[in-house]
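> Here's a structure for you.
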Amino acid sequence: MFGGVSMFTRSIGCGVAPLVLAALFLSPFSVVAQQGDPAKDFTLEDINSISPTNGQQITLSDYQGAILVLLFFTPEQDQAQQRDILTSLTNGLWATYKSAGCFRFFAIAGFAGESRDAILGMRPNLPNADFPILYDPNKDAWGKSVTGDLYRNLEQSKVPLAVVIDHDFKIYKWKASVADYKNYNSYLVTWVEELDPTDTEAPTVENFSPPDASTNVALCTAIEFDILDNCGVDVSSLAVTSLTGSNVDITYERIQGGYHVVASDLDGCWDSGANLSFTIRCSDYAGNETQQAYRFSTVAADTTAPVMDNIYPADGQTGVDKDAPVSFDIYDDESCVDETSVRIYIQQQSDTAEQEVTRSATFDPLEDHEGFHVTYNRPTSYNMDEWVNVRVTAQQQCGMQSFEGEFRFTIGRGGPSFINKDPQDGATNVPSGQYTISVDVVDALYGVDPGSIQMSINGENRIVSKSSIDNGYHVWFNYGLADSKKYTVRGKARNMAGKTGEASWSFTTVDNTPPVLTSRRPANNAYNVAVDTDIFFRIYDSGVGVNQGSISLSIDGMDVTASLDKEQDTPGDDSLINCTYRPSSAFTEGQIVTL
């Protein structure tokens, strides 16, 4: 609870060695704690009717960073002594440092079964005795340990106990003396001064993620930052206000010196293409306030689906161990992946249908992408020499795009696998010209026979180069790729047991050839055209096809694209698009029409 990276260093004046007094009547506290130990945390109700926090649950660690003075008292101790001590501390320590900011005083009543009124009867009849009185009816606020019980020792010794906790939430010093109880105030004032209770500096806001003024931030990104203050952050004063209309949800956790804060849009998604601005406000316990401006902009509207990669076993891999896990990354760096939408289906060759296994998978957030690394371990072994098909579906968290993908591998004693293909299967816009086509040929069970490796591209056999890698060979050859062309690469190899493995994959080179306009009716420069003619033309592209949304038509400078009918000449084929425009009114006789 008190670990973490230290965010600040504070000098303490007295370097006193840990003090352990063996005699109980001298120091009951030393039985359960030593100087320099971390203070024990607790949460108790404030029952002081004139305290500003009356009725509230007080957690000691919320005040970490301030100097904390705790006074433990029990009914077994002399009540006159207790009242004298509380009166002395009210008029002295509390009156002096109440407004210091870096100081808190708590009286802790370890009274089992006594009424609250009886406890409050110990409070000095003074209007400024408004410090918290924390009720500990179970007498376990400081906890029990094998070395002793704090309250039991106090009851037996009838020793009043005052504890000072330093800025690092460690025990600094304590006082436990029947004979010297009238001087408690002077001891405590001296120790508080040694630790310096003054506080004039406001909290600082640091370690923003994403950094201030970032651009193209993913829509699901949570704002994270640290609020730090040497004398304690009043987390109840924390507010993150959007200046651009977003509703912000805040969570926080304690760290050394303050709090780590996470803020996000209430529905989990910022607006796309938005410039977002925020003001962060927070105070320390002395009332010193910080106001910090923060801003970033989000990605534009996302039209791409989530991505799945880092697949294991690789698609097409053979010779996979019968107990191999299935794993992959699923992510979307713009609109993020909705973890609850991910579904995993597995079918083995002998199965009659695929089975969903999502609930048995583990999801670990990725560090370099907005998504998850997913792992599934089958509870029973796969059957030898059968293929296994994995199908994955997912939805964006902050968008409408969906993903569906599959990969297949074979268990046991098959031939070599072809993995890490370059270009990848289905790649588009691969550069034309000389290109090194490569693949890894592997077999983890038997190894690969290097002399058996064969490669071809569009039916043309190629001489390949090879270099040894784990479980096989990295294989490559150079080839001159033409513009706007689809290529299919085939590979074949045997393992050292004589089993053959084969693979094929395809890619398309970059399209540098623009679409062309054909089949114009009326023809260019035609005359005596009927005034009620329709206009027809075709757009043809020999490469990757025509983007229908990019086709526009204007007549004499007036855009009529909205009334233009467009359809594929062959269903499912974007290479040739037929376009027809039917004017809403006839042209004028003798009119020269420019399209």
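In terms of this note's numbering, the sequence shown has 191 at position 189, counting the first letter as 1, and numbering is strictly consecutive. For glycine and all other residues, C-beta sits at the position ideal for the given N, C-alpha and C.
1) Using a Cβ-Cβ cutoff of less than 6 Å, which residues in the same chain neighbour Ala-241 once the five nearest sequence positions on both sides are dropped?
2) Please return the same chain residues whose Cβ sits closer than 7 Å to the Cβ of Ala-25, not counting the five positions on each side in sequence.
3) Would you tell me roughly how many angstroms separate the C-alpha atoms of Ser-147 and Pro-40, rounded to the nearest one?
4) Could you name the residues of the same chain whose beta carbon sits closer than 8 Å to that of Glu-591, not counting the 5 residues immediately before and after it, in chain order?
5) Can you tell which of Thr-382, Asn-422, Met-310 has the C-alpha that lies nearest to the C-alpha of Val-376?
6) Leaving out five residues on either side along the sequence, give the residues of the same chain with a beta carbon under 8 Å from the beta carbon of Lys-324.
7) Since Ala-303 and Ser-274 are thought to touch, with beta carbons under 8 Å apart, how far apart are those beta carbons, to the nearest angstrom?
8) Take Asn-185 as the anchor and find which of Pro-433, Ile-229, Tyr-261, Leu-88 has the nearest alpha-carbon.
9) DSSP on Asp-86, reduced to helix/strand/coil?
10) Can you tell me the Cα-Cα spacing of Leu-278 and Ser-244, whole angstroms?
11) Rounded to a whole number of angstroms, what is the C-alpha to C-alpha distance between Leu-447 and Tyr-475?
12) On the three-pair Cβ rule with 8 Å, is the segment 170-177 touching the segment 40-49?
13) Compare the beta carbon distance of Leu-70 and Asp-138 with 8 Å and say whether it is the shorter of the two.
14) The alpha helix (DSSP H) with Glu-195 in it runs from where to where?
15) Between the Cα of Glu-226 and the Cα atoms of Asp-576, Phe-108, Tyr-296, Val-595, which residue gives the shortest distance?
16) Give every residue of the same chain whose Cβ lies closer than 7 Å to the Cβ of Val-595, excluding the five residues on either side of it in the sequence, and list them in chain order.
17) Please state the DSSP three-state secondary structure of Glu-336.
18) Taking 6 Å as the limit between beta carbons, can you name the residues of its chain near Ser-90, skipping five residues before and five after?
19) Alpha helix (DSSP H) containing Leu-122: first to last residue?
20) Go ahead and pull the three-state DSSP assignment for Trp-478.
21) Between Gln-79, Arg-464, Lys-494, Phe-409, which lies nearest to Asp-451 when the distance is taken from Cα to Cα?
22) Can you tell me which of the three DSSP states Ala-24 falls into?
23) Along the chain, where does the beta strand (DSSP E) that runs through Leu-447 open and close?
24) I'd like to check one pair, Val-444 with Asn-473: are the Cβ atoms closer than 8 Å?
25) Does the distance from the C-beta atom of Lys-501 to that of Gly-449 stay below 8 Å?
26) Please classify Trp-272: does DSSP put it in a helix, a strand, or coil?
27) To test your reading of the DSSP string, which unbroken beta strand (DSSP E) runs of 3 or more residues are found completely within the segment 521-591?
28) Classify Lys-488: buried if its beta carbon has 16 or more other beta carbons within 10 angstroms, exposed otherwise.
29) Are the segment 419-435 and the segment 324-336 in contact at 8 Å, needing three or more beta carbon pairs?
30) Assuming Met-498 is part of the beta strand (DSSP E), what are its boundary residues?
31) Measure the alpha-carbon distance for Phe-108 versus Pro-54 and round it to whole angstroms.
32) Are the beta-carbon atoms belonging to Phe-409 and Ile-313 less than 8 Å from one another?
33) Can you grab the Cα-Cα spacing for the pair Phe-509 / Ser-440, in whole Å?
34) Less than 8 Å between the C-beta atoms of Ser-285 and Asp-317, yes or no?
35) Check whether the Cβ atoms of Ile-332 and Val-394 sit closer than 8 Å, and answer yes or no.
36) Just grab the DSSP bridge partners of Gly-407 for me.
Here's the rundown:
1) Cβ neighbours of Ala-241 beyond the five flanking positions: Arg-283.
2) Residue confidence for Ala-25 is low, a pLDDT of 34 falling below 50, so the modelled location carries little weight and cannot support an answer.
3) Any reading at Ser-147 must be qualified, since the residue scores a pLDDT of 45, below 50, and its modelled position is unreliable; no value is offered.
4) Taken in chain order, the residues that qualify are Val-533.
5) Considering only alpha carbons, the answer is Met-310.
6) Excluding sequence neighbours, Lys-324 sits near Ser-383, Tyr-384, Asn-385, Met-386, Ile-413, Gly-414.
7) A Cβ-Cβ distance of about 5 Å is found for the pair Ala-303 and Ser-274, placing them in contact under the 8 Å criterion.
8) Comparing Cα positions, the closest option is Leu-88.
9) Asp-86 falls in the helix class under three-state DSSP.
10) Looking at the backbone, the Cα of Leu-278 and that of Ser-244 are separated by about 8 Å.
11) C-alpha separation (whole angstroms): 14 Å.
12) Yes, since at least three Cβ pairs between the segment 170-177 and the segment 40-49 fall closer than 8 Å, the two stretches touch.
13) Annotated as distal: Leu-70 and Asp-138, with beta-carbon spacing of 8 Å or more.
14) Under the DSSP assignment, Glu-195 falls in the alpha helix (DSSP H) whose first and last residues are 186-197.
15) Closest option to Glu-226, Cα to Cα, is Tyr-296.
16) Around Val-595: Ile-557, Asp-558, Phe-589.
17) Three-state result, Glu-336: coil.
18) Here Ser-90 has Asn-187 as same chain residues with Cβ atoms under 6 Å from its own Cβ, once five neighbours each way along the sequence are excluded.
19) 118-122 is the span of the alpha helix (DSSP H), which, as asked, contains Leu-122.
20) Taken through DSSP and simplified to helix, strand or coil, Trp-478 comes out as strand.
21) Of the candidates Gln-79, Arg-464, Lys-494, Phe-409, the one whose C-alpha sits nearest the C-alpha of Asp-451 is Lys-494.
22) A caution first: Ala-24 carries a pLDDT of 32, below 50, which makes its placement in the model too unreliable to give a value.
23) Premise fails: Leu-447 is in no beta strand (DSSP E) and is neither H nor E.
24) Using a Cβ distance threshold of 8 Å, Asn-473 and Val-444 count as a contacting pair.
25) Contact: no.
26) Three-state DSSP puts Trp-272 in coil, outside helix and strand.
27) Within the segment 521-591, the complete beta strand (DSSP E) runs of at least 3 residues are 537-542, 566-572, 575-583.
28) Exposed, since its Cβ has fewer than 16 Cβ neighbours within 10 Å.
29) With a cut-off of 8 Å, the segment 324-336 and the segment 419-435 do not count as touching, because too few Cβ pairs lie within range.
30) That residue, Met-498, is in no beta strand (DSSP E); it is neither H nor E in DSSP.
31) Taking the straight line from one Cα to the other gives about 13 Å.
32) Result yes, Cβ atoms of Phe-409 and Ile-313 sit closer than 8 Å.
33) The alpha-carbon atoms of Phe-509 and Ser-440 are separated by roughly 13 Å.
34) Not in contact: Ser-285 and Asp-317 (Cβ atoms no closer than 8 Å).
35) Contact flag set, yes.
36) Beta-bridge pairing links Gly-407 to Val-394.
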